[in-house]
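Single-structure report; data block below.
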Amino acid sequence: MKIPEQYIQKQRYCLMKRDDVPFSHNIGVQSSDFEEARCFINSRIDDREVSPLSASGNAENLLTWQPLGGTTLFGAKWSEKVHIQSDAQSTFHAVMVLSGNIHCNTLNQEVTPNSLLLIAPGKLADLVWEKSTKAIVISLSGQTLIDHLGVPGLEFLRDTTTLVPDNHQDAQLLKNGIECLSQQHQICRGNINISLQKQWESLLVTQLSDQLHRSGTENTTILPGRIRLATEWILTHIREPMSVCDLLRITGASRRSLESGFRTYLNTTPAKFILCHKLKGVRELLQSDPDISIGDAAFSYGFNHLSHFTHQYQEAFGELPSETLRQCRNTHFVRPKKARLRTV
């Protein structure tokens, strides 16, 4: 009797979940070199120190990854007990243990399988991974959170380190989402197309939205209809010339009610919201493309007067656009030869 292909695929997937680190078609590091592992991590997220606390003599660390737009998921298995520390983080990080155990020194709590640890921007990562622990680490960029959650800044989001237990609905939903994404990664052999990546990113951020939002404030993922329509239109057309008059035409709202709605639900004005996201779009270009010029990046978002743009940029981010671009060029990562050869 011929075994149905669907059953074979299901069995392969179940085996992958039980025995392997997810996202195995994108291998960043597979070696005993902890320094190589540290360099790989630090080229993609905030700097971390990686200190092995045991030495069995048979170490092989495995780090995998799957990009999703402005979000990156990492699969990790440390062959030894390791201590991982960072300075204050610039973005949100979520850690879900698949097997083994992680001790969070900040909370003095154990992160057990299927539970979820959230580390907010400005907080330290101070984690001890037990030997052979497997986990998924999700790095959520600030721009991604702002775009998907409809908030004008990270100050509207959670500012603490939090442990979500494995029996909590949010942890269960995220685990299910990661399993489905991992299955698609296997089917596509790691080559998930950009449009699907963005859909997965939106789904994962939505599943985390209640946990990411600052306690005691309204969850702005559920905005009044016209405000939601305005923000979605702005983000969709952010590279185009736009004004408050365009928003009045799109939403059918009066200027007074639109201004009032933005102040009430987003703590800003429509004009400032537009400017904020245009500036952040330019910043993202300068941080990701070392070959771009400042003029081209600014012009692509509608800034025609470079001196005026430079002043607004410095006021928003505390540094000149040239400094942002210089940092990008200085930290532009070239993958180690060993890692490139191992990627399948």
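The opening position of the sequence shown corresponds to residue 845 in my numbering, with each subsequent residue numbered one higher.
Think of the CB as a built atom: it goes at the ideal place given N, C-alpha and C, for glycine as much as any other residue.
From a predicted model like this one, the values you see are computed outputs, not experimental measurements.
Within the same chain, show all residues whose beta-carbon is closer than 6 Å to that of residue i, passing over the 5 residues directly before and after it, in chain order.
i     : result
D1133 : none
V865  : L906, T908, G919, K921 and K978
T1061 : Confidence at T1061 is low in this model, with a pLDDT of 47, below 50, so the placement of that residue is unreliable and no value is reported for it.
K1019 : N958
C1032 : none
F878  : V894 and P896
Between residue i and residue j, what straight-line distance do the alpha-carbon atoms span, to the nearest angstrom?
i     : j     : result
S1144 : H1081 : 12 Å
I1192 : S1087 : The structure shown has nothing for residue 1192, since the chain only spans 845 to 1188.
R935  : T956  : The question names Arg, but residue 935 is Thr in the sequence shown. So the two alpha carbons sit approximately 23 Å from each other.
D890  : S923  : 22 Å
R1127 : L984  : 16 Å
Q1156 : V926  : 43 Å
P1009 : A1015 : 7 Å
P1085 : G1146 : 6 Å
I928  : L1056 : 23 Å
S1026 : C948  : 26 Å
Starting from residue i and walking both ways along the alpha helix (DSSP H), at which residues does that stretch end?
i     : result
T1075 : G1069 to T1080
L1110 : R1099 to L1110
S1166 : P1165 to T1175
T977  : Premise fails: T977 is in no alpha helix (DSSP H) and is neither H nor E.
T1095 : V1088 to T1095
How is the beta strand (DSSP E) around residue i delimited, first residue to last?
i     : result
V865  : Here V865 belongs to no beta strand (DSSP E), and DSSP marks it neither H nor E.
S943  : F936 to S943
L1007 : T1006 to V1008
Under 8 Å Cβ to Cβ from residue i, same chain only, skipping five residues before and after it: list those, please.
i     : result
L1040 : Q1028
T1113 : E1103, F1106 and R1107
Determine whether the Cβ of residue i lies closer than 8 Å to any Cβ atom of chain D.
i     : result
I1071 : Looking at the structure shown, chain D is missing, and only one protein chain is on hand.
*How about the segment 1101-1115 and the segment 1157-1171: do they share at least three Cβ pairs that are nearer than 8 Å?*
No contact exists between the segment 1101-1115 and the segment 1157-1171.
*Can we say the segment 951-966 touches the segment 887-904, given the rule of at least three CB pairs closer than 8 Å?*
Between the segment 951-966 and the segment 887-904 there are fewer than three C-beta pairs closer than 8 Å, too few to call the two in contact.
*What residue ranges within the segment 1119-1150 form continuous beta strand (DSSP E) runs of no fewer than 3 residues, ordered along the chain?*
none
*What runs of the alpha helix (DSSP H), each 4 residues or longer, lie entirely inside the segment 1015-1065?*
1038-1056
*Note down, one range per segment and in chain order, each alpha helix (DSSP H) of at least 4 residues found wholly within the segment 875-960.*
Assignment of alpha helix (DSSP H) within the segment 875-960, counting only whole runs of 4 or more residues, yields 878-886 in chain order.
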